[in-house]
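A.B. asks:
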Amino acid sequence: MNKHEDLYAQSKQQLDAYLDEHGLRHTQERYMLLKMMCELESPFTAEALVEEARKSNISRATTYHMMALAQKVHILHPLIKQFGDRRTQYEIVTHKNDHLQIVCLKCGRVADFKDPGVVKLLQAKKYSNFVMQNISLYVYGECKICRRKAKMLQENYLEK
Ligand SMILES: [Zn+2]
């Protein structure tokens, strides 16, 4: 199973459980959209998903509806909301997630960072009166490009 299939299989399990529990229909569109979310390059914007869904004749409304549902199921997580809604990026997170996200606060760039050790550590934790489902980790800071830019600006300033 490749990475996308694996992600789809895990998130589908969580979606199915939620749909059954709430008496919601297992529509074909919901699974198609979930599959697209797993296959899009992560993280993705709502607009990228709408665009992809349009190719299969799935409406914007249905797409947004599914995104809201996936967030309720806790398989879809919004990232870096501080950059405004239009630029909010999303990613699929399941309980087998083993990476963390490094987010640049200056330019909004997001990168995956494999750190299974940290995730395992958290997964092994027990919190009283609480059952863990998913873990998502974000590390905020400044990326290499932004740091280089800042340094160049500073050097230019010093030369004058
Ligand atoms: Zn940056």
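In this note's numbering, the protein residues as written are 4 to 163.
We put the beta carbon where it would ideally sit given N, CA and C, even for glycine.
What you are looking at is a predicted structure, and each value in this text was computed from that prediction instead of being measured.
Could you tell me which residues DSSP pairs with T48 in its beta bridges?
C.D. replies: Counting from one through the sequence shown, the residue named residue 48 turns up at place 45. In DSSP, T48 forms a bridge with Q92.
A.B. asks: Rounded to whole angstroms, how far is the Cβ of V142 from the Cβ of I105, which I believe are closer than 8 Å?
C.D. replies: Your numbering for residue 142 matches position 139 in the sequence shown. Your numbering for residue 105 matches position 102 in the sequence shown. Sure, about 5 Å apart at Cβ, within 8 Å.
A.B. asks: Would the stretch 71–78 and the stretch 13–27 be scored as touching if the rule is three or more Cβ pairs under 8 Å?
C.D. replies: Touching, yes, given that three or more Cβ pairs across the two stretches are closer than 8 Å.
A.B. asks: Considering only heavy atoms of ligand 1, list every residue whose Cβ is less than 7 Å from one of them, following chain order.
C.D. replies: After applying the 7 Å Cβ criterion, the set is C107, K109, C110, R112, E145, C146, I148, C149.
A.B. asks: State buried or exposed for M135, treating a residue as buried only when at least 16 other CB atoms are found within 10 Å of its CB.
C.D. replies: Translated into the one-based positions of the sequence shown, residue 135 becomes position 132. Per the 10 Å Cβ criterion, exposed.
A.B. asks: Helix, strand or coil, according to DSSP, for H25 in the structure here?
C.D. replies: On the sequence shown, position 22 is the one that residue 25 refers to. Looking at H25 - three-state DSSP - the assignment turns out to be coil, as it is neither helix nor strand.
A.B. asks: Sorted by chain position, which residues of the same chain lie with C-beta nearer than 6 Å to L22's C-beta, five sequence neighbours on each side aside?
C.D. replies: Here residue 22 is taken as the residue at index 19 of the sequence shown, counted from 1. So the qualifying residues of the chain are H29.
A.B. asks: Considering only residues of the same chain and omitting the five flanking positions on each side of K117, which have a CB-CB separation below 6 Å?
C.D. replies: For the purposes of this step, residue 117 is identified with residue 114 of the sequence shown, where counting begins at 1. H102, listed in sequence order.
A.B. asks: Round the Cβ separation of M40 and L27 to the nearest angstrom and send it over; I've been treating them as touching at under 8 Å.
C.D. replies: What you label residue 40 is simply residue 37 of the sequence shown in a count that begins at 1. What you label residue 27 is simply residue 24 of the sequence shown in a count that begins at 1. Contact doesn't hold; Cβ gap of about 17 Å is too wide.
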